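K.L.:
Our numbering numbers the first residue of the sequence shown as 491 and each following residue consecutively. Would you mind keeping the following structure in view while I ask a few things?
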Amino acid sequence: MRAILLAGGLALIFTLLGTRVAIRVLVAKGYGQLIRDDGPTTHHTKRGTPTMGGLVIILSVVVAYFLAKLFTGDMPSWSALLLLFLFVGLGFVGFLDDYIKIAKQRSLGLRSKAKMAGQTVVAVIFGALALTRPDFRGQTPASRHVSFIRDIDTITLPAVVVVLLILVMIAGSSNAVNLTDGLDGLATGASTMVFGAYTLVNIWQNNQWCGFDAGPKCYDVRDPLDLAAIAAALTGACFGFLWWNASPAKIFMGDTGSLSLGGALAGFAILTRTEFLLAVLGGLFVIQTLSVMLQVGYFRATGGKRMFRMAPLHHHFELKGWDEITVVIRFWIITGICVAAGLGIFYAEWVAGV
Numbered sequence: 491m492r493a494i495l496l497a498g499g500l501a502l503i504f505t506l507l508g509t510r511v512a513i514r515v516l517v518a519k520g521y522g523q524l525i526r527d528d529g530p531t532t533h534h535t536k537r538g539t540p541t542m543g544g545l546v547i548i549l550s551v552v553v554a555y556f557l558a559k560l561f562t563g564d565m566p567s568w569s570a571l572l573l574l575f576l577f578v579g580l581g582f583v584g585f586l587d588d589y590i591k592i593a594k595q596r597s598l599g600l601r602s603k604a605k606m607a608g609q610t611v612v613a614v615i616f617g618a619l620a621l622t623r624p625d626f627r628g629q630t631p632a633s634r635h636v637s638f639i640r641d642i643d644t645i646t647l648p649a650v651v652v653v654l655l656i657l658v659m660i661a662g663s664s665n666a667v668n669l670t671d672g673l674d675g676l677a678t679g680a681s682t683m684v685f686g687a688y689t690l691v692n693i694w695q696n697n698q699w700c701g702f703d704a705g706p707k708c709y710d711v712r713d714p715l716d717l718a719a720i721a722a723a724l725t726g727a728c729f730g731f732l733w734w735n736a737s738p739a740k741i742f743m744g745d746t747g748s749l750s751l752g753g754a755l756a757g758f759a760i761l762t763r764t765e766f767l768l769a770v771l772g773g774l775f776v777i778q779t780l781s782v783m784l785q786v787g788y789f790r791a792t793g794g795k796r797m798f799r800m801a802p803l804h805h806h807f808e809l810k811g812w813d814e815i816t817v818v819i820r821f822w823i824i825t826g827i828c829v830a831a832g833l834g835i836f837y838a839e840w841v842a843g844v
């Protein structure tokens, strides 16, 4: 438990202080955000705002986690190392995307195929390694079963299929957070709540862990307490970054942050055996992604008509006249409802014992 508190507290301090330094450095180097010309005109005032702030989040989480392990004298677990690999690896893909935008002074960074290739490499390596190195109970970090709140033992998949499903989850989740990161503080605040939920999920799973108590309601997962430390670090890091990212944002996380945070969410869902529960906890990200899919599908089916004024959905409400801060706060409220519903489902399943 000390590692959880240390990781969360240190990550919060690191982003609160480190982001201010990053803003100065990025401004001095001229690493400013490029704004789409077809977006809401109110966003044009954000042109030149420092981007790639996700680097601060990534560094804060990694340093805070390892310092917490050092102070408590514990060794990092295999699950935690894999999750950090996924987090940092997708952050690197996002960093390349952000850097190309800045270097070439265009709103498009990596080509879509190149970005997908990078996400695929990181996700496949994560998925393959997550099925290795079983613990003393024979439990690997990822499972070959489909899961909602626990593994559905009646469905066992071949390892290749599991890796493919992990790839789909990671690509979908990372792109969903990337789509949501379009307004000041929106993705950061929503991610803070979902990572906070996973901190509680991991703590609860550790308290009812099959490694301690092989009762009928125990959770057959691996390294839940160590994963809770990373979840706490991510919660603290996002919370601290929000101080500078809230409207009017002094810095953007960029694809460096959004891809890494989205990948981490998928990683937690996979490692905690709550794969489909993520769709409830991260309901806002699902809604944002669906709005883009519906917009594209409707546009093609009707020969050019649009279902929304603009996708993702937050831009639709902006063009309807909502203030940016109004959209952000209301979408935060939606995230809070989704998180409450997800945690309620998670706890209700344990109480019911099904």
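Beta carbons are placed, not taken as given, at the ideal position from N, Cα and C, and that holds for glycine. Computed from a predicted model, the values in this text were never measured in an experiment.
(1) How is D745 classed by DSSP in three states: helix, strand or coil?
(2) Please confirm if the region 637-648 is in contact with the region 601-609, defined as three or more CB-CB distances below 8 Å between the two stretches.
(3) Give the secondary structure of F836 by DSSP, where H, G and I count as helix, E and B as strand, and everything else as coil.
(4) Using the Cα positions of A554 and G787, report the straight-line distance between them to the nearest angstrom.
(5) Give me, in chain order, the residues of the same chain whose beta-carbon lies closer than 8 Å to that of K795; leave out the 5 immediate sequence neighbours on both sides.
(6) Is the Cβ-Cβ distance between L732 and G675 less than 7 Å?
(7) Per DSSP, what kind of secondary structure is S637 in: helix, strand or coil?
(8) Throw me the rounded Cβ distance for the L621 and A632 pair, which I believe falls under 8 Å.
(9) Would you tell me roughly how many angstroms separate the C-alpha atoms of I615 and G705, rounded to the nearest one?
(10) Do the region 673-689 and the region 822-836 make contact, defined as three or more Cβ pairs closer than 8 Å?
(11) If we call anything under 7 Å between Cβ atoms a contact, is D713 one with S569?
(12) Looking at V612 and L580, is the spacing between their C-beta atoms short of 7 Å?
(13) Identify which residue in R601, A791, F742 and W840 has its Cα closest to the Cα of V546.
(14) Can you grab the Cα-Cα spacing for the pair P624 / T630, in whole Å?
(15) Can we count E808 as close to the ligand SAH, meaning its CB is less than 6 Å from some heavy atom?
(16) If you run the structure through DSSP and keep just helix, strand and coil, what is Y709?
(17) Going by beta carbon distance, what residues of the same chain come within less than 7 Å of D564, once the five residues before and after it are set aside?
(18) Relative to the alpha-carbon of M542, which residue among M783, L496 and K591 has its alpha-carbon at the smallest distance?
(19) How is P714 classed by DSSP in three states: helix, strand or coil?
(20) Taking the alpha helix (DSSP H) that G789 belongs to, which residues open and close that run?
(21) Closest by CA to A558, which one among V776, R763 and A723?
P.N.:
According to the data block:
(1) By 1-based counting over the sequence shown, the position of residue 745 is 255. Note: D745 maps to helix in three-state DSSP.
(2) No, because fewer than three Cβ pairs between the region 637-648 and the region 601-609 fall closer than 8 Å, the two stretches do not touch.
(3) The residue you call residue 836 lines up with position 346 of the sequence shown. In this structure, DSSP gives F836 a helical state, which the three-state scheme calls helix.
(4) Here residue 554 is taken as the residue at index 64 of the sequence shown, counted from 1. Here residue 787 is taken as the residue at index 297 of the sequence shown, counted from 1. A554 and G787: Cα-Cα distance of roughly 43 Å.
(5) Residue 795 sits at position 305 when you count from the first residue of the sequence shown. Hits under 8 Å: Y788 and F789.
(6) By 1-based counting over the sequence shown, the position of residue 732 is 242. By 1-based counting over the sequence shown, the position of residue 675 is 185. The answer is yes: Cβ separation under 7 Å.
(7) Translated into the one-based positions of the sequence shown, residue 637 becomes position 147. Looking at S637 - three-state DSSP - the assignment turns out to be strand.
(8) For the purposes of this step, residue 621 is taken as the residue at position 131 of the sequence shown. For the purposes of this step, residue 632 is taken as the residue at position 142 of the sequence shown. Yes, L621 and A632 are in contact; Cβ-Cβ is about 6 Å, under 8 Å.
(9) Within the sequence shown, residue 615 is the residue found at index 125, counting from 1. Within the sequence shown, residue 705 is the residue found at index 215, counting from 1. Taking the straight line from one Cα to the other gives about 34 Å.
(10) Output reads yes: the region 822-836 touches the region 673-689.
(11) Counting from 1 along the sequence shown, the entry for residue 713 is found at position 223. Counting from 1 along the sequence shown, the entry for residue 569 is found at position 79. Cβ atoms of D713 and S569: closer than 7 Å.
(12) Here residue 580 corresponds to residue number 90 of the sequence shown, with the count starting at 1. Here residue 612 corresponds to residue number 122 of the sequence shown, with the count starting at 1. Cβ distance < 7 Å, so L580 and V612 count as in contact.
(13) Taking the first residue of the sequence shown as position 1, residue 546 is located at position 56. Out of R601, A791, F742 and W840, F742 has the C-alpha closest to the C-alpha of V546.
(14) As a first step, residue 624 must be located in the sequence shown, where it is residue number 134. As a first step, residue 630 must be located in the sequence shown, where it is residue number 140. Approximately 4 Å between the Cα atoms of the pair.
(15) Although the ligand SAH was asked about, the structure shown includes no ligands whatsoever.
(16) Along the sequence shown, read from residue 1 onward, the residue named residue 709 stands at position 219. Three-state DSSP puts Y709 in a strand.
(17) Mapped onto the sequence shown, residue 564 falls at position 74. Exclusion of the five residues before and after D564 leaves A493 as the residues of its chain whose Cβ lies within less than 7 Å of its Cβ.
(18) The residue you call residue 542 lines up with position 52 of the sequence shown. Minimum Cα distance to M542 is reached at K591.
(19) Indexing the sequence shown from 1 puts residue 714 at position 224. Under the three-state reduction of DSSP, P714 is assigned to helix.
(20) For the purposes of this step, residue 789 is identified with residue 299 of the sequence shown, where counting begins at 1. According to the sequence as given, residue 789 is Phe; it is not Gly. Per DSSP, F789 belongs to the alpha helix (DSSP H) from G773 to A791.
(21) Within the sequence shown, numbered from 1, the residue matching residue 558 stands at position 68. Nearest C-alpha to A558: A723.
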